[in-house]
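Reading through the structure tokens given below for one structure.
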Amino acid sequence: MKEHVVPAAVEVDATLNITDLLERQVAEDPKNALFGRQLTPGEWTDVSAAQFREDVTGLAKGLIARGIQPGDRVAIMAATRYEWTLLDFAIWYAGAVTVPIYETSSPSQIAWIVEDSGVKLVFAESDSHAKAVDRAATQEKLQTLEHLLTIEGDDLEKLRSEGAGVSDDDIESRRSAANLEDLATIIYTSGTTGRPKGCQLTHGNFVELSLNGIASLGEAINKQSSTVLFIPLAHVFARFISVISVAAGARVGHTADIKQLVDDLGTFKPTFLLAVPRVFEKIYNAAMMKAEGDGKGKIFAKAAQTAIDYSAAKQDGKVGFGLKLKHGLFDKLVYSKLRARMGGQVTHAVSGGSPLGARLGHFFNGIGVLVMEGYGLTETTAPLTVNTPTQSKIGTVGPPVPGNAVKIDEDGEILAKGVAVFRGYLNRPDANAEDFTDDGWYRTGDVGFLDENGFLTITGRKKEILVTAAGKNVSPAQLEDQMRADAIVSQAVVVGDGRPFVAALITLDSETLPSWLEPRGIDPNTPVSELIENPMIREHIQSVVDKANTTVSRAESIRSFKLLDKDFTIESGHLTPSMKIRRADVMKDYADEVDKLYEDAAAQRESQAGQ
1 MKEHVVPAAV EVDATLNITD LLERQVAEDP KNALFGRQLT PGEWTDVSAA QFREDVTGLA
61 KGLIARGIQP GDRVAIMAAT RYEWTLLDFA IWYAGAVTVP IYETSSPSQI AWIVEDSGVK
121 LVFAESDSHA KAVDRAATQE KLQTLEHLLT IEGDDLEKLR SEGAGVSDDD IESRRSAANL
181 EDLATIIYTS GTTGRPKGCQ LTHGNFVELS LNGIASLGEA INKQSSTVLF IPLAHVFARF
241 ISVISVAAGA RVGHTADIKQ LVDDLGTFKP TFLLAVPRVF EKIYNAAMMK AEGDGKGKIF
301 AKAAQTAIDY SAAKQDGKVG FGLKLKHGLF DKLVYSKLRA RMGGQVTHAV SGGSPLGARL
361 GHFFNGIGVL VMEGYGLTET TAPLTVNTPT QSKIGTVGPP VPGNAVKIDE DGEILAKGVA
421 VFRGYLNRPD ANAEDFTDDG WYRTGDVGFL DENGFLTITG RKKEILVTAA GKNVSPAQLE
481 DQMRADAIVS QAVVVGDGRP FVAALITLDS ETLPSWLEPR GIDPNTPVSE LIENPMIREH
541 IQSVVDKANT TVSRAESIRS FKLLDKDFTI ESGHLTPSMK IRRADVMKDY ADEVDKLYED
601 AAAQRESQAG Q
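Mapping the sequence shown onto UniProt numbering, position 330 (from 1) lands on 330, and the numbers just tick up by one.
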């Protein structure tokens, strides 16, 4: 199949905007809890639809009093928290446009976003964030920025007081003015290459995608559902979930501290989760390491394989009696404990950002949590395709969300069209001309294929395909994802463009290393610079590489690897805020290591040839 179009399941009134999703909730059930706020650790206070709307309008009135006009840009620079979504809706109720800024952004990145989008007011989470914005404004002499407010402290309360004189009629006029075609937000791409581009997403992108998403995901996201958001709300994935949750009447909690996540899941007890694959990998690896530490590693391995076999058999429609018995036994011994670590109520999860992998997908489905893998970009308002409770094929990223279409171009590139696709990049007519076809399809830059049922599979990133000296095309993503799934591997970058063979740069995971080292008689406090030379670790990493190589042809397989003593991080400039590898920066900063890797391999071959 080369093209799959899924008609819209919901007809949406052209006069609606995102604020109408909240208005509907207030009209239908004003007491329904839309949010849970953790004011003290472990205790969540519900915020009803009516209470949320009251808080939103109070802040929106303050924005109007501050001189924010319809269409003005207002930025939010904060970690994932209740106030993020509160301010987002307040900005929309004031008729303005939200511009997210990652809380980890540098002053130069802040300056670029503020200047390019023309931000008039910034909400910064804390004094330290405000100082970063202030430095950006001073260094770059930002002309449009007029107001800088902090979320922590009393600035929001002052804003509410300032808006006391603004009437409800004024708010209603502002709130209802936008329609589906109007701009709702400008989200800057993470920028794996070059300066970030501002993606212009409309009210229609969010409203139509949310309502059509609910139509296909209704079993997972509805009024009885709940979730804890922990990935950055500056990222389109979390942002979309926050909007679709309001549209569905689902209850949402927030946590910014990943170390606190397990405890928060235990007290909030969500029914669904959303995360990038790395989070699911960490859940699996942490469980495996704990089992090994307790001397139950073999039991866990058997339980994990049984879960995978059970899920695969169930997908094929033929679960044998013996497998059912084994699965039932491990459900009591192992799977129930894993579900308990996620709060005990989770039945569904949504995964996106990078490939999850069929093995991990089957594992979670086998323990009773259907991970609905999806695919999308900032330019497609997050999900373009997604597996659903009723249409799921593990190993794929699902069919298009209703109202959208996917087409595979002649060179394998995935093209997109529909209610999810953005209106174009801000101030970048050159990029718009390059990334849209003459007949309106958006070029995603990813490559993949559609099966006979219209389920999409991603095989790589078009611009990241390596071509070896022998002319072999290699997609790094598949190999990298396989290696990252290992318990002690943090990141992996496959190299080999123009080189005689494929190799890899690999970093170790400092969180899981101690648990792995101790039972093997290695001091957990050993410096990483020493660990990367440890024969036991090198042997283990070789086995990880060998396992990854089984998924590709010999010409594409990794022949050599280099362990690095420092991890790739956002702070080092090697990861985007959404945890994607900045490949160009890695290749630039580690050019010497890559060169030495190939020089050493050549020297070893010469030595062997001379013997």
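Ideal placement from N, C-alpha and C gives every residue a C-beta, glycine not left out.
Between the alpha carbons of A111 and T40 lies a distance of about 35 Å. The three-state secondary structure of G344, taken from DSSP, is coil. The beta strand (DSSP E) runs lying completely inside the segment 270-312 and spanning 3 residues or more are 272-275, given in chain order. The straight-line gap separating the alpha-carbon atoms of E539 and R554 is approximately 20 Å.
Annotation for Q51: no beta strand (DSSP E) segment contains it, though the alpha helix (DSSP H) segment containing it runs A49 to A65. Assigned with DSSP and collapsed to three states, F123 falls in strand. About 5 Å separates the CB atoms of A9 and N212; that is less than 8 Å, so the two are in contact. If you draw a straight line from the Cα of L273 to the Cα of P535, it comes to about 39 Å.
It is roughly 11 Å from the alpha-carbon of R24 to the alpha-carbon of A50. The continuous alpha helix (DSSP H) containing R484 extends over residues P476 to R484. D446: member of the beta strand (DSSP E) spanning Y442 to L450, first to last residue. Counting along the chain, the unbroken beta strand (DSSP E) around T457 starts and ends at L456 to R461.
Distance from the Cα of P100 is smallest, within the candidate group G36, I18 and A184, for A184. A residue is called buried once 16 or more other Cβ atoms fall within 10 Å of its Cβ, and G320, having fewer, is exposed.
Of the candidates V350, P476, S490 and R175, V350 places its Cα closest to the Cα of I244.
Residue state for G403 is assigned as coil, using DSSP reduced to three classes. Taking 8 Å as the cut-off, the beta carbon of R428 is found no closer than this to the beta carbon of T202. The Cβ atoms of A307 and Y284 do not sit closer than 8 Å to each other.
The three-state secondary structure of I506, taken from DSSP, is strand. Of all C-beta pairs linking the segment 460-473 to the segment 526-535, fewer than three are shorter than 8 Å, placing the two stretches out of contact.
Within the same chain, E125, S126 and D127 come within 8 Å of E152 by CB-CB distance, once the 5 residues on both sides are set aside. When rounded, the separation of the alpha-carbon atoms in L450 and N432 is 25 Å.
Going by DSSP, Q109 is part of the alpha helix (DSSP H) stretching over P107 to S117. The DSSP-derived three-state label of T267 is helix. A distance of 8 Å or more separates the beta carbons of I18 and W84. Taking a cut-off of 8 Å on C-beta distances, the segment 555-569 touches the segment 505-516, as three or more cross pairs fall below it.
Here M1 carries a coil assignment [DSSP, helix/strand/coil].
Exclusion of the five residues before and after G343 leaves L265, G266, F268, K269 and P270 as the residues of its chain whose Cβ lies within less than 7 Å of its Cβ.
Across the set I113, R559, K2 and L145, the C-alpha of R559 shows the shortest separation from the C-alpha of A602. According to DSSP, S351 shares a beta bridge with A275 and E373.
Excluding residues up to 5 positions away in sequence, I408 lie with their Cβ nearer than 6 Å to the Cβ of K2 in the same chain. Collapsing the DSSP output to three states places M579 in coil. With the rule of 3 Cβ pairs closer than 8 Å, the segment 233-242 counts as touching the segment 70-85. Beta-bridge annotation (DSSP): M536 is not paired with any residue. Taking the C-beta atoms as reference points, L384 is found nearer than 8 Å to V401. In this structure R66 is not in contact with V97, their Cβ atoms being roughly 15 Å apart against a cut-off of 8 Å.
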